[in-house]
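Single-structure report; data block below.
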Amino acid sequence: MERRCVLNSWSKEEVRAVIRYEWARGVSGTEIPNRLVEVYEPGVMSKQMVRRWCHTFSDGRQQVEDILRAGRTRTAT
């Protein structure tokens, strides 16, 4: 019997790294969200956003961290 657990906490960088890994293995952008939900809870990332990240990796992006942008930094209140 295969043992699985559902992770209920994650970082966006972790999820992006999983998407990048699956994309590099040749898994389709429509199948990756299904695989994410198997390990993370539903709603971890929208199907549209997963496809967008796959496209971004196809365009040559390597990093999964946010790209720093000019302007005011976000702060929690």
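With the first letter of the sequence shown counted as 1, position 18 gets the number 18 in UniProt numbering; the numbers rise by one all the way through. Just so you know, even glycine gets a beta-carbon here, dropped at the ideal spot from N, CA and C.
A Cβ-Cβ distance of about 7 Å is found for the pair Arg35 and Val27, placing them in contact under the 8 Å criterion.
Residues Ile19, Arg20, Trp23, Ala24 of the same chain have their beta carbon placed closer than 8 Å to that of Phe57, with the five preceding and five following residues left out of the count. Per DSSP, the beta bridge partners of Leu7 are Tyr40. Under the criterion of beta carbons closer than 8 Å, Arg51 and Gly71 do not qualify as touching, at roughly 27 Å.
By the neighbour-count criterion, in which 16 or more other beta carbons inside 10 Å mark a residue as buried, Ile67 falls on the exposed side. Shown here, Gln63 sits in coil according to DSSP, grouped into three states, outside any helix or strand. CA-to-CA, the gap between Gln62 and Cys54 works out to about 11 Å. The Cβ atoms of Asn8 and Glu38 do not sit closer than 8 Å to each other.
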